[in-house]
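Enquirer:
Numbering (our numbering), first residue to last: 81 to 298.
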């Protein structure tokens with residue numbers, strides 16, 4: 081069974097480096113492609129389809145922003161299952177004020193350095209509470225493409241999906257500060273886990289993924 085992993089905003093497969101899946105799964109990591117300036121998430125997802133072998137049964141695992149893209153992909157192709165980690169299956173409420181604030185911040189020439197800086201605030205929001213996690217987050221933010229980051233944040237704030245994708249399973253940490261658990265209704269809650277639980281609680285997450293992915297094998 082092919083399993084396609086979609087990482088978070090600007091992140092790459094490093095965030096999944098501690099996940100251990102059984103040999104019965106063939107793991108593929110989808111790298112982000114460069115978005116057009118005003119491209120919608122649905123158009124972007126449509127271009128990502130080329131990276132997936134749809135002639136064979138497959139499943140999608142989406143982390144954070146990757147979960148949103150996985151849901152958009154399900155409108156075009158038909159995975160056996162989608163597993164969301166630290167993400168949301170539908171659009172989150174963004175007030176008009178916050179939407180305007182996001183746009184204002186992203187238009188600022190200072191936005192990129194601020195968004196990409198690793199500091200106590202970003203560590204707090206991502207739940208990077210160990211030197212190892214902080215080092216990983218610092219590397220990922222440093223390597224993130226500024227234009228991709230700006231585009232993705234704007235598109236996420238506009239995402240208004242109302243219905244969950246079919247065959248969707250959602251895992252979320254109770255201490256997630258980026259997407260607070262009170263805004264979502266996951267199938268499994270990981271007590272005390274933050275946004276980067278796929279790395280910080282990798283052993284527990286590996287067990288969950290192996291079981292849930294295996295349930296969908298025919």
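Here a beta-carbon is modelled for each residue, glycine too, at the ideal position from N, C-alpha and C. If you're wondering where the values come from, they're calculated on a predicted model, not measured in any experiment.
What three-state label does DSSP hand residue 251 in the structure shown?
Expert: Correct three-state label for residue 251: strand.
Enquirer: Does the contact criterion of 3 or more C-beta pairs under 8 angstroms hold for the region 237-247 versus the region 165-172?
Expert: Result yes; three or more Cβ-Cβ pairs closer than 8 angstroms.
Enquirer: Do three or more CB pairs link the region 217-237 to the region 249-256 at distances below 8 angstroms?
Expert: Too few Cβ pairs lie closer than 8 angstroms, so no.
Enquirer: How is residue 275 classed by DSSP in three states: helix, strand or coil?
Expert: It is coil, neither helix nor strand.
Enquirer: Please report the Cβ distance between residue 102 and residue 265, rounded to the nearest whole angstrom; I am assuming they are in contact, meaning their Cβ atoms lie under 8 angstroms.
Expert: No, residue 102 and residue 265 are not in contact; Cβ-Cβ is about 29 angstroms, not under 8 angstroms.
Enquirer: Check whether the region 260-274 and the region 152-162 touch, using three or more Cβ-Cβ pairs below 8 angstroms as the test.
Expert: At 8 angstroms Cβ cutoff, the stretches do not touch.
Enquirer: Is it a yes or a no for the region 123-138 touching the region 102-113, going by three-plus beta-carbon pairs under 8 angstroms?
Expert: Yes: the two stretches touch, three or more of their Cβ pairs being nearer than 8 angstroms.
Enquirer: Taking 8 angstroms as the threshold, find out whether the region 202-222 comes into contact with the region 122-131 through three or more Cβ pairs.
Expert: Because the criterion of three Cβ pairs below 8 angstroms is not met, the region 202-222 and the region 122-131 do not touch.
Enquirer: Nearest-angstrom Cα distance between residue 99 and residue 279?
Expert: Each residue's Cα considered, the two are about 7 angstroms apart.
Enquirer: Return helix, strand or coil for residue 161, following the three-state DSSP convention.
Expert: In the structure shown, residue 161 sits in a strand (DSSP, three-state: E or B).
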